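Under the working numbering, the residue at position 260 of the sequence shown is numbered 696, and the numbers go up by one with no gaps. We treat Cβ as the ideally placed atom computed from N, Cα and C, and that holds for glycine. Note that the structure is a prediction, hence the values are computed from the model and not measured. Each remark here refers to the structure printed beneath this line.
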Amino acid sequence: MRTGNGAGTAGGTAVAPTEIERALSATVAGGDADAVVELLARTRLYVLVARLHADIPGWTAPLPAIRDEVSGRTCVPVLTQGMLPPWHPEWVFREVSIGELARIWPYDVRRLAVNHGTPFAAMVDARPKRLKTWVRADALSGGVRQGVLLTDAGGPLHGPLAHGLALGAHLAVTNGLIWNRLGAAYENYASDRARLRSPWGIPHRAEYRDRLASLMKNQLVGRVQEGVLRTRHTLAHRLGRTPTREEWSDAVARAFAARDADDRAVADRALRHVTLYEERFRADGVLAPGGRVDTLAAFDLGRAVNVVRLALGARYGDPHEAEQDVLRVGELARGAYSSWADFSLGYLMARVVHRAEDDGPEAAEPTYRQSLTEHRLLTQDPASPYRNIPWS
437 MRTGNGAGTA
447 GGTAVAPTEI
457 ERALSATVAG
467 GDADAVVELL
477 ARTRLYVLVA
487 RLHADIPGWT
497 APLPAIRDEV
507 SGRTCVPVLT
517 QGMLPPWHPE
527 WVFREVSIGE
537 LARIWPYDVR
547 RLAVNHGTPF
557 AAMVDARPKR
567 LKTWVRADAL
577 SGGVRQGVLL
587 TDAGGPLHGP
597 LAHGLALGAH
607 LAVTNGLIWN
617 RLGAAYENYA
627 SDRARLRSPW
637 GIPHRAEYRD
647 RLASLMKNQL
657 VGRVQEGVLR
667 TRHTLAHRLG
677 RTPTREEWSD
687 AVARAFAARD
697 ADDRAVADRA
707 LRHVTLYEER
717 FRADGVLAPG
727 GRVDTLAAFD
737 LGRAVNVVRL
747 ALGARYGDPH
757 EAEQDVLRVG
767 ELARGAYSSW
777 ADFSLGYLMA
787 RVVHRAEDDG
797 PEAAEPTYRQ
807 SLTEHRLLTQ
817 DPASPYRNIP
827 WS
């Protein structure tokens, strides 16, 4: 069963909520103190903060301290991502790196307690000489791991809620965050609020609800690009086959004839970009020879799930409301796509088409490679929700 700190049990044996805690336990068992520090340097660490304090501009609450009942030592407690407790309206989490901890460390505390009191704990020496090791490890770490699939073993794994949360898995993988959780934080309280402000322009709850409604209506993905794909889909339905490039181009020209010059230019580029990337998809083996991408709705729907999670972390809503919103996004996605692979390709296409529109196809190449890697991870990894949750 699920415990309050994210751990689970199976047959009386503790089950780590994520790969993070499994790796930490294995490293601690190995007995190499430097290896533990190196692992923590690549791991998100969280400190509990009263929301009242977190909201004070320009002020950072001091690190908390607890007394370890076994050793009697005073420790600073931190949690790993999988061990964050359930959402609470007045308690939030600040993310800290081990390098930052070393720089602000209390002079009279000699231990860092990671996941204190759980089966996935690490007690780390924090004497002054060891703090220098923390700083070096942080500098050499390259930051927290990203581009990885993290699953909470105690979170939703099957059913409509898991399906809805999995729609946001692309961004979760990009950022190295758990995909199947509606909890205390998405990334951390400060960054959740900052990400809502920029790029989303969401400074408060009312704007959040408006922006979420727009995402659910596919109003932000790009009306011209979506119109170009809809034109081909309509033509294919009428012809009973996928139209040729020339037939599609002629149909787009007619559909956009009454639009202004800017829209016509965007439509022309969108057609070229979609054609280019569908050819790339086929060459890379992720799109069937006769396949096509009919809608970019996946981009708005996938982002909608992540905006819901950000807003929950920012305390712009509560878990019940967030769950209902995620379920609604899931319903919309099932109406727009017929499979996880189709949804993922729609998301991939939207990312690269928008990047190509903004900066040109050459600048979009890194985005294409990253998105293709994430698509393959989500559609091929045996542990992926796309392999374990039925689409409908």
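query	result
Rounded separation between Trp494 and Ala626 - CA only	It should be pointed out that residue 494 corresponds to Gly in this sequence rather than to Trp. Approximately 12 Å, taken between the alpha carbons.
Alpha carbon of Ala620 to alpha carbon of Leu748, nearest angstrom	8 Å
With 16 other Cβ atoms within 10 Å as the buried cut-off, status of Asp588	buried
When Val710, Asp754, Glu767 are compared against Tyr804, the one with the closest alpha-carbon	Val710
Rounded Cβ spacing between Val660 and Asp699 (contact assumed at less than 8 Å)	5 Å
Test item: CB-CB of Glu830 and Leu607 under 8 Å	Any answer about residue 830 is impossible in this case: the structure gives the chain only from 437 up to 828.
Val528 - DSSP class collapsed to helix/strand/coil	strand
Cβ distance (whole Å) where Val512 is taken to contact Ala501 below 8 Å	6 Å
CA-to-CA distance, Tyr482 to Val528, given in whole angstroms	10 Å
Beta bridge counterpart(s) of Tyr482 as assigned by DSSP	Leu515, Glu531
Segment contact flag, the stretch 778-794 with the stretch 681-692, C-beta cutoff 8 Å, min 3 pairs	no
Beta-carbon proximity list for Leu488, same chain, < 8 Å, skipping 5 on both sides	Glu526
Three-state class that DSSP yields for Thr680 in the structure shown	coil
Coil, strand or helix - Ile638 by DSSP	coil
Contact set for Asp817: own chain, Cβ-Cβ below 8 Å, skip 5 residues either direction	Leu585, Arg823
Bridge-paired residues (DSSP) for Met559	Ala549
Residue of Pro826, Pro821, Gln517, Leu813 minimising C-alpha distance to Thr610	Leu813
Closest residue to Met652 among Glu810, Ala733, Arg480 (Cα-Cα distance)	Ala733
Beta-carbon proximity check, Trp684 vs Arg668, cutoff 8 Å	yes
Assigned secondary structure, Val451 (DSSP; H/G/I helix, E/B strand, else coil)	strand
Proximity of Leu601 and Pro592 at Cβ, strictly below 8 Å	yes
Alpha-carbon spacing of Ala459 relative to Ser774, whole angstroms	36 Å
For Thr496, the three-state DSSP class (helix, strand or coil)	coil
Val571 to Thr670 span [Cα, whole Å]	59 Å
Interface flag, His606 vs chain B, CB-CB below 8 Å	Absence of chain B from the displayed structure is noted, only one protein chain being present.
Coarse secondary structure for Leu618, derived from DSSP in three states	coil
Of the residues Gly663, Glu662, Ala687, the one placed nearest Arg674, counting alpha carbons only	Ala687
Rounded straight-line distance, which links the Cα of Leu475 to that of Leu392	With the chain running from 437 to 828 in the structure shown, residue 392 is simply not present.
Buried versus exposed, by CB contacts within 10 Å (16 or more), Pro802	exposed
Nonlocal neighbours in the same chain, by C-beta distance under 7 Å from Ala786, ignoring five residues either side	Val657, Leu732, Ala734, Phe735
Where Leu603 falls: helix, strand or coil (DSSP)	coil
Three-state class that DSSP yields for Leu746 in the structure shown	helix
Assigned exposure category for His594 - 16 Cβ within 10 Å defines buried	exposed
Alpha-carbon spacing of His811 relative to Phe556, whole angstroms	31 Å
Backbone secondary structure at Ile502 - three-state DSSP	strand
Distance between Arg566 and Ala575 (C-alpha atoms, nearest Å)	15 Å
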